[in-house]
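Numbering (this note's numbering), first residue to last: 2 to 353.
Every residue, glycine too, gets a C-beta built ideally from N, C-alpha and C.
Small disclaimer: the values here were computed from a predicted structure and weren't measured.
Presented below is the structure to which this report refers.
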């Protein structure tokens with residue numbers, strides 16, 4: 002066999018597992034491909050379709066997987082879609098570049114926690130913009146419903162109507178979940194998502210609540226699980242696919258932040274769909290963000306902007322700004338307005 006086509010199903014430091022017609026190959030990059038890569042964007046990521054050469058059959062165990070042998074990746078074929086972000090500022094002085102998280106996906110499943118880490122509207126909105134920027138649809142998964150008190154869980158289930166089935170299990174009432182202000186904010190998030198036609202699922206990896214509905218939404222599609230560390234993405238995948246060997250880690254009680262339980266990216270089959278599992282993201286920095294995904298996500302603000310005195314109004318300092326006037330009248334919440342302005346500023350800073 003001189004060459005063949007396959008799909009990257011796991012990435013590690015300098016190594017890849019590639020599925021080709023049911024055979025799993027342990028791969029490295031051809032030197033020429035590595036040399037020509039301007040940055041990590043040009044290197045394979047999970048979901049990429051690649052060309053394999055120098056194939057040698059040698060059945061063995063590698064990184065917990067049984068492979069048919071080794072091969073060399075000589076080419077990455079054009080991507081249909083890709084989810085990208087700005088690389089994190091992990092090393093002072095290092096240039097931040099585009100980091101492709103997953104390729105050739107159909108939808109992003111945004112997994113956020115109802116308890117710890119705290120649910121924030123801004124987090125959900127940034128992930129929705131990330132999906133819009135990539136041209137993929139979105140599903141929002143509100144996880145850890147088993148940690149919410151029964152009354153609150155009932156209210157949310159009623160709001161989402163027939164999106165979820167199952168029981169909430171033994172509740173662990175948290176101060177965050179029991180707070181009326183938290184419930185009001187959560188209801189606003191859910192209502193806005195439902196009004197925009199974004200599917201919302203209440204889930205629990207502990208009790209299995211909502212997972213049948215989630216399986217239905219994953220069916221026949223390639224999805225990528227997105228969300229902050231500690232939201233429970235790996236726990237859900239362990240419940241959806243019992244053979245998945247992801248290791249879960251507790252959320253830090255000091256910071257309310259999760260720890261990375263996924264340290265590499267992988268693609269696994271769930272029913273007749275595929276799911277890309279990537280490490281949790283502590284922050285979402287946008288790469289080359291366009292204004293259009295932001296405008297689309299904040300349609301309510303864009304409608305108000307039609308009445309602004311100036312067509313190119315930035316909604317920050319101009320007189321006759323209908324958006325600022327709506328904020329002053331209490332018709333537009335200040336926090337949502339500020340998130341919109343922040344994202345538009347990020348989009349306007351993109352290189353032209």
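Distance check for residue j and residue i, CA to CA, integer angstroms please.
i, j, result
"residue 291", "residue 347", "9 Å"
"residue 256", "residue 286", "Since pLDDT at residue 256 reaches only 40, below the 50 mark, its modelled position is unreliable, and no value is offered."
"residue 105", "residue 230", "23 Å"
"residue 90", "residue 99", "12 Å"
"residue 305", "residue 42", "38 Å"
"residue 235", "residue 308", "46 Å"
"residue 199", "residue 141", "7 Å"
"residue 334", "residue 328", "6 Å"
"residue 202", "residue 36", "44 Å"
"residue 216", "residue 138", "16 Å"
"residue 241", "residue 314", "47 Å"
"residue 295", "residue 344", "7 Å"
"residue 28", "residue 108", "27 Å"
"residue 222", "residue 3", "31 Å"
"residue 16", "residue 161", "43 Å"
"residue 210", "residue 204", "5 Å"
"residue 312", "residue 124", "29 Å"
"residue 224", "residue 274", "8 Å"
"residue 151", "residue 206", "17 Å"
"residue 5", "residue 270", "21 Å"
"residue 147", "residue 332", "34 Å"
"residue 208", "residue 338", "37 Å"
"residue 212", "residue 195", "19 Å"
"residue 33", "residue 64", "26 Å"
Could you check which residue in the options has the C-alpha nearest to that of residue i?
i, options, result
"residue 73", "65, 85, 87, 58", "58"
"residue 321", "31, 310, 327", "310"
"residue 340", "195, 122, 187", "122"
"residue 289", "131, 38, 68, 5", "131"
"residue 85", "182, 331, 284, 3", "284"
"residue 76", "31, 224, 124", "31"
"residue 183", "148, 146, 115", "115"
"residue 181", "196, 207, 208, 153", "153"
"residue 298", "136, 323, 14", "136"
"residue 186", "268, 63, 336", "336"
"residue 96", "146, 40, 62, 243", "40"
"residue 87", "55, 134, 56", "134"
"residue 282", "350, 65, 113", "113"
So for residue i, helix, strand or coil by DSSP?
i, result
"residue 6", "strand"
"residue 199", "coil"
"residue 17", "strand"
"residue 258", "For residue 258, the predicted structure reports a pLDDT of 44, less than 50, and the residue's modelled location is therefore unreliable. A value from the coordinates is still provided. Note: residue 258 maps to coil in three-state DSSP."
"residue 327", "helix"
"residue 278", "strand"
"residue 193", "helix"
"residue 164", "With a pLDDT of 42 at residue 164, under the threshold of 50, the modelled position of that residue is not reliable, and the figure given next carries that caveat. Three-state DSSP puts residue 164 in a helix."
"residue 96", "coil"
"residue 104", "strand"
"residue 285", "coil"
"residue 111", "strand"
"residue 41", "helix"
"residue 318", "coil"
"residue 25", "strand"
"residue 158", "helix"
"residue 333", "coil"
"residue 239", "helix"
"residue 269", "strand"
"residue 52", "strand"
Consider the C-beta atom of residue i and the heavy atoms of the ligand ZN; say whether any pair is separated by less than 6 Å.
i, result
"residue 155", "No copy of the ligand ZN occurs in the structure displayed, which carries no ligand at all."
Leaving out five residues before and five after residue i in sequence, what residues of the same chain have Cβ atoms less than 6 Å from its Cβ?
i, result
"residue 128", "111, 227"
"residue 326", "none"
"residue 143", "115, 203"
Note down, in chain order, each residue of its chain lying with its Cβ closer than 7 Å to the Cβ of residue i, except the 5 sequence neighbours on either side.
i, result
"residue 7", "19, 20, 21, 26, 51, 53"
"residue 317", "342"
"residue 254", "Any reading at residue 254 needs caution, since the residue's pLDDT is 39, under 50, leaving its predicted position unreliable; the model's value is listed next. So the list is empty, once near-sequence residues are dropped."
"residue 415", "Outside the shown range of the chain, which is 2 to 353, sits residue 415, and nothing can be said about it."
"residue 24", "69"
"residue 303", "296"
Note down, in chain order, each residue of its chain lying with its Cβ closer than 8 Å to the Cβ of residue i, except the 5 sequence neighbours on either side.
i, result
"residue 266", "11, 12, 46, 47, 102, 103, 277, 278, 279, 280"
"residue 60", "67, 68, 69, 70"
"residue 220", "272, 273, 274"
Check whether the region 46 to 57 touches the region 78 to 92, taking contact to mean three or more Cβ pairs, one atom from each stretch, closer than 8 Å. yes
Counting pairs of Cβ atoms below 8 Å between the region 150 to 162 and the region 180 to 194, do you hit three or more? yes
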